[in-house]
Amino acid sequence: MFQVTNQAIDLQTLVDYVTDPEAGAIATFIGTTRNNNEGRKVIALEYEAYGEMAEKELARIGADAAKNWPICRMAILHRLGAVEIGEASVMIAVSSAHRDAAFAASRFAIEEIKKTVPIWKKEVFEGGEVWIGTQTGQRLPDR
Amino acid sequence: MKVRVKFFAILRERAGCGAVEKELADGSTVADLWRELQKDYAKLDVPGIRMLYAVNQNYVGVDQTLKDQDEVVFIPPVSGGC
Numbered sequence: 004m005f006q007v008t009n010q011a012i013d014l015q016t017l018v019d020y021v022t023d024p025e026a027g028a029i030a031t032f033i034g035t036t037r038n039n040n041e042g043r044k045v046i047a048l049e050y051e052a053y054g055e056m057a058e059k060e061l062a063r064i065g066a067d068a069a070k071n072w073p074i075c076r077m078a079i080l081h082r083l084g085a086v087e088i089g090e091a092s093v094m095i096a097v098s099s100a101h102r103d104a105a106f107a108a109s110r111f112a113i114e115e116i117k118k119t120v121p122i123w124k125k126e127v128f129e130g131g132e133v134w135i136g137t138q139t140g141q142r143l144p145d146r
Numbered sequence: 027m028k029v030r031v032k033f034f035a036i037l038r039e040r041a042g043c044g045a046v047e048k049e050l051a052d053g054s055t056v057a058d059l060w061r062e063l064q065k066d067y068a069k070l071d072v073p074g075i076r077m078l079y080a081v082n083q084n085y086v087g088v089d090q091t092l093k094d095q096d097e098v099v100f101i102p103p104v105s106g107g108c
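Those protein sequences? They're chains A and B, same order as listed.
Under the numbering used here, think of the first position of the first sequence as 4, with each following residue one higher.
Under the numbering used here, think of the first position of the second sequence as 27, with each following residue one higher.
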């Protein structure tokens, strides 16, 4: 299960998906919106995706994880739109026979998401907003 | 030939639209398309960022030759996750 969605994500959906009789471990990761970043008071993060390609890249991450570790099943859901403080933007669940593979694969997945999946976040903070990753030392001009 | 361009995130805001069709000379590359688009959208270029390129939802190099009806996306630094 590798999807982007405009809805809030429910962890149980992912856990149910990766539950497997061969598995002795399920690792889950939840990425949430933090109320501060680099000294700014964050109000919300707004996520946007090139949806079709993002889902292909998420599936590629799942395939790579399965090559690197003996995992049973993996699920990644990434939320789009405004994600308020404390809410989840991304959830990962991985099942495997033994715990090491599940921990390693979930760590791999979140690091890869940040590098290759065409999803962008705009940080809306007190006093402005910025597309994360485009900063060149200064705030972008207001629209 | 004609290609379809989609804009996302900071490029969508700078272009003022999410998608455009662009007529190009045969044999044009991704780099050629980017140069042409900057004539249409003066504020499109974001100095100091590293851009990636996708054609038909696969990452490609900037020298990739385009074909009629290709879907091209310019990918500013991604920042998914949390």
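Glycine included, C-beta positions come from ideal geometry on N, C-alpha and C.
Residue 124 of chain A: buried (16+ other C-beta within 10 angstroms of its C-beta) or exposed?
buried
Compare the C-beta of residue 35 of chain B against all C-beta atoms of chain A and say whether one is closer than 7 Å.
yes
Out of B:103, B:93 and B:43, which has the shortest C-alpha to C-alpha gap to residue 49 of chain B?
B:93
Might you give, ordered along the chain, the residues of its own chain that have their beta carbon closer than 7 Å to the beta carbon of residue 26 of chain A, omitting 5 neighbours on each side?
75, 98, 99 and 100
If you reduce the DSSP assignment to three classes, tell me which class residue 81 of chain B lands in.
strand
Are the beta-carbon atoms of residue 108 of chain A and residue 68 of chain A separated by less than 7 Å?
yes
Which of the three DSSP states is assigned to residue 53 of chain A in this structure?
In this structure, DSSP gives residue 53 of chain A a state outside helix and strand, which the three-state scheme calls coil.
I'd like to know if residue 106 of chain B contacts chain A, where contact means its C-beta is closer than 7 Å to some C-beta of that chain.
yes
Under a CB-based cut-off of 7 Å, is residue 46 of chain A close to chain B?
no
Have a look at B:100, B:71, B:107 and B:82 and flag the residue whose alpha-carbon is nearest the alpha-carbon of residue 40 of chain B.
B:71
In chain A, which residues lie with their C-beta within 8 Å of the C-beta of residue 80 of chain B?
53, 56 and 121
Determine, using beta carbons only, whether residue 95 of chain B comes closer than 7 Å to chain A.
No, because no Cβ of chain A sits closer than 7 Å to the Cβ of residue 95 of chain B.
Please report how far the alpha carbon of residue 107 of chain B lies from the alpha carbon of residue 117 of chain A, in whole angstroms.
6 Å
Using a 10 Å radius around the Cβ and a threshold of 16 neighbouring Cβ atoms, would you call residue 73 of chain B buried or exposed?
exposed
Please go through the region 37 to 68 of chain B and give each complete alpha helix (DSSP H) segment of 4 or more residues, from N-terminal end onward.
56 to 66
Do you know whose CA, among B:100, B:104 and B:42, lies nearest residue 59 of chain B's CA?
That would be B:100, whose Cα lies nearest to the Cα of residue 59 of chain B.
Quick one: give me the first and last residue of the alpha helix (DSSP H) that residue 156 of chain A is part of.
Not covered by the structure: residue 156 of chain A. The range shown for chain A is 4 to 146.
In terms of alpha-carbon separation, which member of B:63, B:66, B:56 and B:61 lies closest to residue 85 of chain B?
The option with the nearest alpha carbon to residue 85 of chain B is B:56.
Residue 33 of chain A to residue 92 of chain A, Cα distance in whole Å?
8 Å
Considering only the beta carbon of each residue, do residue 137 of chain A and residue 102 of chain B sit closer than 7 Å?
yes
Ignore the nearest five residues each way along the sequence and tell me which others in residue 56 of chain A's own chain have a CB closer than 6 Å to its CB.
121
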